[in-house]
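Using the numbering used here, the first residue of the sequence shown is number -3, and each one after it goes up by one. Note that the Cβ used here is the ideal one computed from N, Cα and C, for glycine as well. Note that the coordinates shown come from a computational prediction; the quantities given were computed from them, not determined experimentally.
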Amino acid sequence: MKRSGFWFVAPFLVLYAAFLIVPMVIGLGASVTDEGITGHADFVGAANYVELFGDPAVWSSLGHTLIFTVVSTPAIVLVGLAMALLANRATPERWLCRLAFFAPYLLPVSVVVLIWSWLYQPGFGLINDLLTRLGLGEVGWLSTDGMAMTSIVITTVWWTAGFGFLLYLAALQEIPRQLYEASALDGATPFQQLRRITLPLLSRTHQLVIVLQVLASLKVFDQIYLLSGQGGIPGVRSIVQYIYESGFTRFRIGYASAISYVFFALIAAVALLHFRLTKAER
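Here it is in structure tokens:
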């Protein structure tokens, strides 16, 4: 019986090893070499790891990534929760709200960037056009360091809040309606029901959405790379973008691999911390 079960999972194990385990082992081996575009690699030991800890660009891009994560995660979680609360109301237009709230998440990043790059354009962009009509000055949404990060966060919230919305909506539909009916008979207001019933019963969903969003934000690359003109604004370069530039622009494959594994250790630490906290709570 056990042997027959193995053959059912064997295709998955082969693909898992071929596309995950083997590349991880190869990358770990490359991180201790000076491998470049020529394919020739000499063993350098921990030299790449020593260099990255003294590289200001690594710390700068990691700082940008952390800023993006700290700013975008609460916004995405709160917007997703608010949309789920609205869509969960028993109204005839509920299906339309669900479609409108979740639809942006289905768009590929290239389409999202195209939409928002036109919105952010100076002169004829929709946002700056509205500002000038109101008598306000234009804003360089993607041309200055300070506003570029804000613009990318706004774009990311619009694009990815639908994932949290879907999880929250599923959790809201699992809450028994009898709880709300009983509280209403006791004179509870809608705000009190939200505070005393809905939010406490969504605690597990809060944890899930937050940790998934933190991990996703730490790995941000596509929208930053495309919206900032392929890294044209240094103030928004993420750590994944710096890994890309090191490996595929400067052709330092070994050094990029070393940064990748240090960053992987950081993400694993965040996931492990969340697991420990939730385990202790359970």
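Check                                                                                                                 : Outcome
Of the listed residues V21, M20 and N44, nearest to E29 (C-alpha basis)                                               : According to the sequence provided, residue 29 is Thr. The question's Glu does not apply to it. When only C-alpha atoms are compared, the closest one is N44.
Cutoff 7 Å; reference V279; Cβ partners in own chain excluding five residues on either side                           : The requested residue 279 is not part of the displayed model; the chain covers only -3 to 278.
Buried or exposed by the 16-neighbour rule on C-beta atoms within 10 Å, applied to L95                                : exposed
D218 versus L181: straight-line alpha-carbon distance, rounded                                                        : 51 Å
Sub-8 Å separation of Y101 and F159 beta-carbons                                                                      : yes
Spatial neighbours of F244 in its chain, beta-carbon cut-off 6 Å, leaving aside the 5 residues before and after       : none
Integer-rounded CB distance, given that W137 should sit under 8 Å from Y116                                           : 4 Å
Contact under 8 Å by Cβ, I220 with F259                                                                               : no
Residues of its chain near W154, where Cβ-Cβ distance is below 7 Å and the 5 sequence neighbours each way are ignored : P100
Cα-Cα separation between V46 and Q169, rounded to whole angstroms                                                     : 51 Å
Exposure of L130, with buried meaning 16 or more beta-carbon neighbours within 10 Å                                   : exposed
One or two residues paired with T29 in a DSSP bridge                                                                  : F39
Unbroken stretches of the alpha helix (DSSP H), 4 residues or longer, contained in the segment 162 to 235             : 173 to 181, 186 to 189, 199 to 214 and 218 to 223
A26 vs S242 beta-carbon contact at 8 Å                                                                                : no
Check whether V73 and Y238 have beta carbons under 8 Å apart                                                          : no
Q203 and T274 closer than 8 Å at C-beta                                                                               : yes
Presumed contact (8 Å Cβ cut-off) between L270 and V205, rounded CB distance                                          : According to the sequence provided, residue 270 is His. The question's Leu does not apply to it. Going by Cβ atoms, the distance from H270 to V205 rounds to 12 Å, so no, they are not a contact pair.
Residue environment, G76, which counts as buried when at least 16 other CB atoms sit within 10 Å                      : buried
Where E89 falls, given that 16 or more other Cβ within 10 Å makes a residue buried                                    : exposed
Per-residue burial, A13 [other beta carbons within 10 Å of its own, 16 or more giving buried]                         : exposed
For D125, three-class secondary structure by DSSP                                                                     : helix
First and last residue of the uninterrupted alpha helix (DSSP H) at L85                                               : Looking at the sequence shown, residue 85 is not Leu but Arg. Per DSSP, R85 belongs to no alpha helix (DSSP H) and is neither H nor E.
Between the CA atoms of L11 and L197 - distance to the nearest angstrom                                               : 39 Å
Buried versus exposed call for E31 [16 or more other C-beta atoms within 10 Å across all chains shown]                : buried
Contact belief for L285 with A261 at Cβ below 8 Å, rounded distance in angstroms                                      : Here the chain covers residues -3 to 278 and nothing more, so residue 285 does not appear.
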